[in-house]
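Counting from 1, position 60 in the sequence shown corresponds to residue 60 in the UniProt record's numbering; the numbering is continuous, with no gaps.
Note that beta-carbon positions come from the ideal geometry of N, C-alpha and C, so glycine has one too.
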Amino acid sequence: MRPVKHLVVVAGEESGDLHAASFIRELKLKYPELEISGIGGRHMQTAGVELISDLARFGVTGISEVFRHFKVIKAAFQKIKTHLATNKPDLLILVDYPGFNLRLAKFAKEKLGIRILYYISPQIWAWKAGRIHTIRKYIDHMAVILPFEKKIYEDAGVPVSYVGHPLVTHMPCSQDKAKSREQLGLPKAKRLIALLPGSRTHEIERHMPVLISTLHSLNQAFSDLHFTIPIAGTISPAVIKAYFKDTATDAYTLIQGQAPKVAACSDYVIVASGTASLECALLAKPMCIIYKASWLTYLLASQLIKVKYLGLCNLLKDKMLVPELLQYDCNSKELTGVMTELLSNEVFSAHMHRQLSQVKNSLSIHEADCTIAALIERTALLG
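What follows is the structure, encoded as structure tokens:
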């Protein structure tokens with residue numbers, strides 16, 4: 001009888017947890033006996049992973065956030081090191097989360113000689129380009145999700161496969177907007193603005209005051225608006241509700257999860273930079289991207305970041321398809337101005353929609369070498 005294979009998967013954020021759960025379900029369907037353990041969140045656990053630690057609920061990014069959760073991160077790192085040493089897996093799959101995962105790769109390769117596949121490349125084309133040396137030294141295979149990343153690794157001598165972007169390969173079928181609104185309890189006759197403040201606690205703390213103030217300003221200027229916030233699974237609904245305690249208007253609806261469905265049935269979106277902004281771009285929703293970091297994170301990032309844009313849709317097309325309000329520009333006055341232009345100027349809104357419609361083509365025009373599940377299957381010799 002062939003011995004049961006064991007994989008360890010490490011994903012430290014909500015998006016990584018979600019993407020990992022997708023390929024885990026696919027692998028489990030084909031290989032029910034496959035043992036998978038690791039670090040992740042509720043999505044991976046539901047998919048059948050034995051969780052060693054749950055880091056996804058913390059969603060740590062930036063210097064100050066690392067300090068805030070340092071003890072939790074350190075404990076998780078020690079636990080996964082012990083787990084790897086005790087239960088040496090056939091393959092270690094690292095999903096995004098480079099600050100944690102590249103350190104783990106060094107330990108796993110140097111101390112244990114474990115085979116390592118990295119899924120969702122660190123954004124070395126944007127900042128910390130020196131990470132390519134660490135990757136070349138410790139990673140056996142890199143699975144990239146953006147087409148232009150493949151050449152970067154090929155030129156550096158790193159084995160690489162383009163596996164397609166999970167948001168494209170797992171895009172839900174288009175749904176009837178009116179029916180979706182009815183299912184979500186949202187008004188059909190209003191112009192709907194989805195507010196996506198992020199999935200991390202520090203993002204909520206910095207973005208929600210700006211969004212609430214903007215909501216009031218827009219609601220006073222336009223009588224046909226309704227706002228909705230899909231609350232990320234990493235955030236307590238009570239936290240979001242607290243921001244509305246002094247709100248006089250009832251022109252808003254809070255929804256638990258279902259962000260893709262909420263965005264799809266909305267007319268406009270205000271979204272924190274990250275995976276969600278690309279998801280909204282793939283839906284071709286007229287939108288504004290916002291982001292506000294701690295002053296320390298911003299200070300360091302402004303010195304290190306090499307790209308012109310933060311939004312992935314702008315990066316992919318190398319031009320400003322949608323406005324970005326970052327750091328000091330991320331305030332109610334600026335955001336109200338951008339959204340007023342979108343709401344008042346149909347030509348501007350329609351042009352943005354057409355431009356965003358090209359983003360999906362930029363990702364899907366390049367044929368993937370294989371799926372991430374197939375690459376894992378081949379790398380771990382599951383067949």
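Give the DSSP bridge partners of residue i, in chain order.
i, result
"T253", "T228"
"H207", "In DSSP, H207 forms no bridge with anything."
"C288", "I270"
"H141", "L117"
"E324", "I289"
"V95", "A11, Y119"
"D54", "G40"
"A21", "None; A21 has no bridge partner."
"E35", "H6"
"R191", "L225"
Relative to the C-alpha of residue i, which residue among the options is closest?
i, options, result
"F308", "T297, P323, F222", "Per the sequence shown, the amino acid found at residue 308 is Lys instead of Phe. Of T297, P323, F222, the residue nearest in Cα terms is P323."
"D267", "L192, Y119, A259", "L192"
"S199", "I116, E346, L55", "L55"
"I240", "D246, T249, L254", "L254"
"P148", "Q123, H133, H141", "Reading the sequence as shown, one finds Phe at residue 148 and not Pro. When only C-alpha atoms are compared, the closest one is Q123."
"Y119", "A129, A105, K177", "A105"
"A178", "K261, T275, D318, T46", "K261"
"A293", "H83, A272, G130, C280", "A272"
"S332", "N219, H351, E346, I52", "N219"
"P32", "T247, L363, V49", "V49"
"A380", "K137, L92, H19", "L92"
"N361", "H165, H351, Y291, G274", "H165"
"R136", "L102, E14, K79", "L102"
"L211", "L342, A194, D224, M352", "A194"
"K88", "E110, F70, I114", "I114"
"residue 414", "L342, G257, D90", "This structure leaves residue 414 out entirely; the chain is present only between 1 and 383."
"L184", "Q258, E377, M339", "Q258"
"Y153", "V168, A129, L167", "A129"
"S277", "A251, N314, H351", "N314"
"S37", "T82, V72, S15, E14", "T82"
"Q327", "W295, H351, G311", "W295"
"H19", "V144, T247, P3", "V144"
"G16", "R25, D140, M44, P3", "M44"
"L316", "T214, W125, M142, A350", "W125"
"A221", "Y138, G337, L310", "G337"
"G40", "D224, E26, A76", "A76"
"I52", "I80, F70, K74", "I80"
"M208", "A189, K188, Y243", "Y243"
"Q256", "C280, P237, L310", "P237"
"E205", "K150, Y291, R131, T371", "Y291"
"A350", "A189, L321, T214", "L321"
"T214", "E334, C370, Q78, E26", "E334"
"K150", "L167, I132, Y138", "I132"
"E203", "C330, V347, E346", "C330"
From what residue to what residue does the alpha helix (DSSP H) around residue i run?
i, result
"V262", "259 to 264"
"S357", "That residue, S357, is in no alpha helix (DSSP H); it is neither H nor E in DSSP."
"H83", "70 to 86"
"G99", "98 to 112"
"R200", "Where R200 is concerned, there is no enclosing alpha helix (DSSP H), given that its DSSP letter is neither H nor E."
"G337", "332 to 344"
"T379", "372 to 379"
"Y153", "149 to 156"
"L315", "312 to 317"
"I240", "237 to 242"
"S180", "177 to 184"
"S223", "Segment: none, S223 is in no alpha helix (DSSP H) and carries neither H nor E."
"E367", "Careful: E367 lies outside any alpha helix (DSSP H) and carries neither H nor E."
"A281", "275 to 282"
"T169", "166 to 169"
Quick test of your reading: residue i and residue j, contact by CB under 8 Å. State the CB separation rounded to the nearest angstrom.
i, j, result
"residue 393", "A264", "Any answer about residue 393 is impossible in this case: the structure gives the chain only from 1 up to 383."
"L34", "K5", "6 Å"
"F23", "A373", "5 Å"
"T46", "A85", "With a Cβ gap of about 27 Å, T46 and A85 do not count as contacting."
"H226", "L186", "7 Å"
"V163", "L375", "6 Å"
"E14", "T297", "Not confirmed; about 19 Å, so no contact."
"H141", "L112", "Actually they are not in contact, since the Cβ atoms of H141 and L112 sit about 17 Å apart, beyond 8 Å."
"L27", "E346", "At roughly 47 Å, the Cβ-Cβ gap does not stay under 8 Å, so L27 and E346 are not in contact."
Tell me the residue span of the beta strand (DSSP E) that contains residue i.
i, result
"Y162", "160 to 162"
Could you confirm whether any beta carbon from chain C is found closer than 8 Å to the beta carbon of residue i?
i, result
"T275", "The structure shown contains no chain C, having only a single protein chain."
Would the stretch 272 to 285 count as touching the stretch 336 to 356 if we require 3 or more Cβ pairs under 8 Å? Contact between the stretch 272 to 285 and the stretch 336 to 356 is present: three or more C-beta pairs spanning the two stretches fall below 8 Å.
Can you confirm whether the stretch 10 to 20 touches the stretch 95 to 113 when touching is taken to mean that 3 or more C-beta pairs between the two stretches lie within less than 8 Å? The stretch 95 to 113, when compared against the stretch 10 to 20, does touch it at the 8 Å Cβ threshold.
Per the contact definition of three or more C-beta pairs closer than 8 Å, is the stretch 147 to 157 in contact with the stretch 218 to 237? The answer is no - the stretch 147 to 157 does not touch the stretch 218 to 237, with fewer than three Cβ pairs under 8 Å.
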